[in-house]
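Notes follow once the structure below has been shown.
Residue numbers (the working numbering): -19 to 424.
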């Protein structure tokens, strides 16, 4: 078996008149040059012979002299390992990306510090030449001596120095649930130390003592924390942030913000532990009395509610009752001002409830008995089959429904409903076949 393998290897690198020949893959393995780059270098090469590879496939074999001549620039210098380094004359060399990864240094810092540094030529792991692209460890450590002496934080973003824990802004934001912007605003001019974060970038680290001091109002056990709906209770009073009150009282957030701009809320946290101002219910209702709608409709699970003997419902609710598509109802009510109310889940629908009499009046023509299409988009009416342009395109195997629409654009057709309740125009089979006879003939 071993003799057979040797035989195959000899076939892959044949010797003809003292010249060594090999196919692309063999030379890739031999010279350490990327297969793609090698193929490009050998395009149009002379002296090629045909032979069989180890699997018996006929392929091109290239002479060593031609390969080395064409790849001379790639064969100069040392070739880097998979990490981007090689050793030459006892000195460790690496390309820029390798050193940045090895030492945790950002690109901009590398660029500024290494400007003017002299590198040597070599090849990357794929064999591609990098002229003056490899830098010695001596030069790199000399250029970054001060940075390499700075401590590197743990992956968590913290470091302990003299028994005190320090962290960067993002780390403290995650630790205490305070927004990054809030931390930056309060700590920007405070005492800090320079530490390299896990990515190697030098950033400001702040002590835990300082952070707790600056954010005592938010880190106190007495701090108000809103629930998912934006509200919380203190001493029997309901507190909520602006968005929560705007949704509950059905007023615009901007209008609410204007009326409360001179009012001092209580600094607390929302359900995501972000710092927000919370306002007591009594104060909000006092400042926004002109905005608050005292009586608000509340719908049942069906989407309807009664007010003074009149029935109101959302467009979605009317769709279920009338069997007319919600979008169609909306188009008939586009100039009607709805009434604000709440659905049974508590969500406020602004101007989204419509009086029954208005809906019936606007959709009167659609409430007449109409034929309803089946799954295929067709129905039979007075002995004639009708369908939408899309349905006839499928039925008659016409590629583009738009062609049917263009040819019958002046045809009013018959109004009907699709399976989803949408009111559409349906065209008769006879008219479609007459107008599109040539298109139908092409498919036969």
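Quick reminder that beta carbons are idealized off the backbone N, C-alpha and C, glycines included.
Contacts around residue i, its chain only, beta-carbon distance under 8 Å, and the 5 residues preceding and following it disregarded
i           : result
residue 192 : 199
residue -14 : Unreliable placement is indicated for residue -14, whose pLDDT of 41 sits below 50; no coordinate value is reported for it.
residue 408 : 364, 365, 366, 393, 394
residue 59  : 12, 66, 102, 103, 104, 105, 107
residue 141 : 131, 173
residue 165 : none
Residue i - DSSP class collapsed to helix/strand/coil
i           : result
residue 290 : strand
residue 15  : helix
residue 184 : strand
residue 267 : helix
residue 140 : strand
residue 383 : helix
residue 309 : helix
residue 316 : coil
residue 399 : coil
residue 358 : strand
residue 32  : strand
residue 368 : coil
residue 127 : helix
residue 37  : coil
residue 281 : coil
residue 421 : helix
residue 132 : strand
residue -17 : With a pLDDT of only 46 at residue -17, under 50, the local geometry of the prediction cannot be trusted, and no value is derived from it.
residue 331 : strand
residue 347 : helix
residue 389 : coil
residue 404 : strand
residue 122 : helix
Segment limits, alpha helix (DSSP H) that includes residue i
i           : result
residue 296 : 295 to 302
residue 190 : 188 to 194
residue 89  : 87 to 94
residue 205 : Per DSSP, residue 205 belongs to no alpha helix (DSSP H) and is neither H nor E.
residue 234 : 233 to 239
residue 80  : 76 to 83
residue 378 : From DSSP, residue 378 is part of no alpha helix (DSSP H); its letter is neither H nor E.
residue 337 : 336 to 342
residue 62  : That residue, residue 62, is in no alpha helix (DSSP H); it is neither H nor E in DSSP.
residue 409 : 409 to 415
residue 103 : Note, residue 103: premise wrong, no alpha helix (DSSP H); beta strand (DSSP E) at 100 to 103.
residue 54  : 52 to 55
Limits of the beta strand (DSSP E) - the one that residue i falls within
i           : result
residue 260 : 255 to 260
residue 161 : First-last for residue 161: 160 to 167, but that is the alpha helix (DSSP H), not the beta strand (DSSP E).
residue 156 : Careful: residue 156 lies outside any beta strand (DSSP E), inside the alpha helix (DSSP H) at 149 to 156.
residue 217 : 217 to 220
residue 246 : 246 to 249
residue 112 : 109 to 116
residue 67  : 65 to 68
residue -1  : -1 to 2
residue 176 : 173 to 176
Residues of its chain near residue i, where Cβ-Cβ distance is below 7 Å and the 5 sequence neighbours each way are ignored
i           : result
residue 282 : 297
residue -4  : A caution first: residue -4 carries a pLDDT of 48, below 50, which makes its placement in the model unreliable, though a value can still be read off. Here the set comprises 29.
residue 205 : 212, 248, 249
residue 209 : 224
residue 267 : 239, 240, 243
residue 151 : 136, 137, 138
residue 355 : 399
Own chain, CB closer than 6 Å to residue i, minus 5 neighbours either side, in chain order
i           : result
residue 245 : 257, 258, 259
residue 186 : 167, 172
residue -18 : Bear in mind that the predicted position of residue -18 carries a pLDDT of just 44, short of 50, making it unreliable; the figure below should be weighed with that in mind. Closer than 6 Å at Cβ, skipping near neighbours: no residue.
residue -1  : 43
residue 119 : 97
Beta-carbon proximity check, residue i vs residue j, cutoff 8 Å
i           : j           : result
residue 73  : residue 114 : yes
residue 357 : residue 337 : no
residue 22  : residue 8   : no
residue 346 : residue 403 : yes
residue 328 : residue 227 : yes
residue 190 : residue 171 : yes
residue 344 : residue 396 : no
residue 335 : residue 292 : yes
residue 183 : residue 130 : no
residue 314 : residue 306 : no
residue 41  : residue 75  : no
residue 319 : residue 277 : yes
residue 261 : residue 217 : yes
Residue i: CB within 7 Å of a non-hydrogen atom of the ligand SAM
i           : result
residue 404 : Ligands displayed in this structure: none; no statement on the ligand SAM is therefore possible.
Answer yes if the region 141 to 157 comes into contact with the region 99 to 106, meaning at least three C-beta pairs across the two stretches below 8 Å, and no otherwise.
-> Flag = no, the region 99 to 106 and the region 141 to 157 do not touch.
Could you tell me whether the region 84 to 98 touches the region 37 to 57, where touching means 3 or more Cβ pairs closer than 8 Å?
-> Fewer than three pairs of CB atoms, one per stretch, sit closer than 8 Å, so the region 84 to 98 makes no contact with the region 37 to 57.
Can we say the region 122 to 138 touches the region 205 to 224, given the rule of at least three CB pairs closer than 8 Å?
-> Because the criterion of three Cβ pairs below 8 Å is not met, the region 122 to 138 and the region 205 to 224 do not touch.
Spell out a yes or no on whether the region 372 to 385 and the region 410 to 421 are touching, meaning 3 or more CB-CB pairs, one atom from each, closer than 8 Å.
-> Between the region 372 to 385 and the region 410 to 421 there are three or more inter-stretch CB-CB distances shorter than 8 Å, so the stretches are counted as touching.
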